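Enquirer: Pasting in a structure now, in structure tokens, and then I'll have a few things to ask.
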Amino acid sequence: RSRWDWKIVDQNPFFSPDLQMISVWEDYLDKIRKEKSSVGAIIEIVAENVPAGLGAPIYGKLDQDIAALIMSINAVKGVEIGEGFSVASMTGTETS
-11 RSRWDWKIVD
-1 QNPFFSPDLQ
9 MISVWEDYLD
19 KIRKEKSSVG
29 AIIEIVAENV
39 PAGLGAPIYG
49 KLDQDIAALI
59 MSINAVKGVE
69 IGEGFSVASM
79 TGTETS
């Protein structure tokens, strides 16, 4: 993240803040396109300065709303929030 530049996000087809990765992705996706194939992806969304207590404690939780919106996108198969899927292999003490 140290090399990210948010000013270039709207200036490339990947909306990437990482200038070095743009040509890597272009070359990779051009190769995949020529093979008449497709790829999957992992997308990371970072929310900063979110006010504490946003959402309701049981129904109407913010992470519930985020997951529902993301899962409504065709082909999305999973959403991780916080420790995400790795929590399944942790004890309660480890997650506290």
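Each residue of the sequence shown is one higher than the one before, counting from -11 in our numbering.
Glycine included, every Cβ here is placed at the ideal spot set by N, Cα and C.
The structure presented is a predicted model; accordingly, all values stated were derived computationally and were not measured.
1. Can you round the beta-carbon distance between V12 and I20 to whole angstroms, since I take them to be within the 8 Å contact cut?
2. Rounded to a whole number of angstroms, what is the C-alpha to C-alpha distance between V34 and G70?
3. Using CA atoms only, rank isn't needed, just tell me which of N37, E36 and D53 is closest to A44.
4. For a test of the three-state rule: what should DSSP assign to G80, helix, strand or coil?
Expert: Taking the coordinates as given:
1. To locate residue 12, count along the sequence shown from 1; it is residue 24. To locate residue 20, count along the sequence shown from 1; it is residue 32. Actually they are not in contact, since the Cβ atoms of V12 and I20 sit about 13 Å apart, beyond 8 Å.
2. In the sequence shown, the residue the question calls residue 34 occupies position 46. In the sequence shown, the residue the question calls residue 70 occupies position 82. One C-alpha to the other measures close to 11 Å.
3. Position 56 of the sequence shown, counting from 1, holds the residue named residue 44. Among N37, E36 and D53, the Cα nearest to that of A44 is on D53.
4. Counting from one through the sequence shown, the residue named residue 80 turns up at place 92. In this structure, G80 counts as helix in the three-state DSSP scheme.
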